[in-house]
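Worksheet: the structure to be examined is printed underneath.
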Amino acid sequence: MKNLRNTEKSKKRASKFLKENTPFKRKVETYTFDFNFPTEEVFKQFCPSREEDWIEGWTADLIYTSTGYVESDCIFTTPASNILGPGLWIFTDLIPNQKVEVIRIIENSVVVHFRIELEDRGNNTCTGTWNLKFTAINEMGNEMVKSLPESNPMLMKIIEGLEYFLENGKVLKLS
785 MKNLRNTEKS KKRASKFLKE NTPFKRKVET YTFDFNFPTE EVFKQFCPSR EEDWIEGWTA
845 DLIYTSTGYV ESDCIFTTPA SNILGPGLWI FTDLIPNQKV EVIRIIENSV VVHFRIELED
905 RGNNTCTGTW NLKFTAINEM GNEMVKSLPE SNPMLMKIIE GLEYFLENGK VLKLS
């Protein structure tokens, strides 16, 4: 059957974008950590409420949640005083004990796509992989993305702090 749909406008838009390319910057970071705990114990800590238990300097204001814990469509904000800074955070995908995806919007200038995946290694251990994609959406965002370091040692220390919390039940001092 012949396609009778007129798609010239979308073709023109896509072609123009591909020719001009985006003026906005993007940066991708990946972090991996081997946990000596099963996926179930690690996963339940990926929650704006529970992160106060194990991340020094973490604070969040819940906007929408039906449980107060990690769930699809949870929305929260973090203030400038938060260890990771200000942002509007939205859980966009969640597979319990396997994967969580969160979008964070920073100062209406940068969109950060977090994808955290847990892989069960057996023997009550797992590997966590953090994929972060920072995308500028305006010139201020370009400057923010440009100023990001190649890797963020503080984020790695926060991830290590999760293992410390699971082992000791206490917050790892980050400073």
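To convert a position in the sequence shown, counted from 1, into this note's numbering, add 784. For glycine and all other residues, C-beta sits at the position ideal for the given N, C-alpha and C. Quick caveat: nothing in here was measured; it's all calculated off a predicted structure.
Next on the checklist: Is the separation between the beta-carbon of leucine 956 and that of glutamate 840 shorter than 9 Å?
Outcome noted: yes
Next on the checklist: Measuring CB atoms only, is the region 895-911 touching the region 867-886, in the sense that at least three cross pairs come out at less than 8 Å?
Outcome noted: yes
Next on the checklist: Looking at the secondary structure, which residues open and close the alpha helix (DSSP H) in which phenylalanine 987 lies?
Outcome noted: This structure cannot settle anything about residue 987, because the visible part of the chain is limited to 785 through 959.
Item to check | Assigned secondary structure, phenylalanine 875 (DSSP; H/G/I helix, E/B strand, else coil) | outcome: strand
Checklist entry - With contact counted as at least three CB pairs below 8 Å, one residue from each stretch, are the region 856-866 and the region 830-848 in contact? => result Contact holds: three or more Cβ-Cβ distances are below 8 Å.
Checklist entry - Since leucine 950 and phenylalanine 821 are thought to touch, with beta carbons under 8 Å apart, how far apart are those beta carbons, to the nearest angstrom? => result Between phenylalanine 821 and leucine 950 the Cβ distance is about 5 Å, and since that is below 8 Å, they are a contact.
Item to check | Residue span of the beta strand (DSSP E) that contains aspartate 837, given as start and end | outcome: Premise fails: aspartate 837 lies in the alpha helix (DSSP H), 835-838, not in any beta strand (DSSP E).
Next on the checklist: Check for me: the alpha helix (DSSP H) holding alanine 798 runs from which residue to which?
Outcome noted: Element bounds for alanine 798: 792-804.
Checklist entry - If you drop the 5 nearest sequence neighbours on each side, which residues of the same chain put their C-beta closer than 7 Å to that of phenylalanine 918? => result Arg810, Lys811, Val894, Val896, Val929 and Leu932
Next on the checklist: One question on the structure: do phenylalanine 819 and glycine 912 come within less than 9 Å of each other, judged by their Cβ atoms?
Outcome noted: It is a contact, given that the beta carbons lie within the stated cut-off.
Item to check | Contacting residues, own chain, Cβ-Cβ under 8 Å from asparagine 926 (five flanking each side not counted) | outcome: Pro807, Phe808, Lys809 and Ala920
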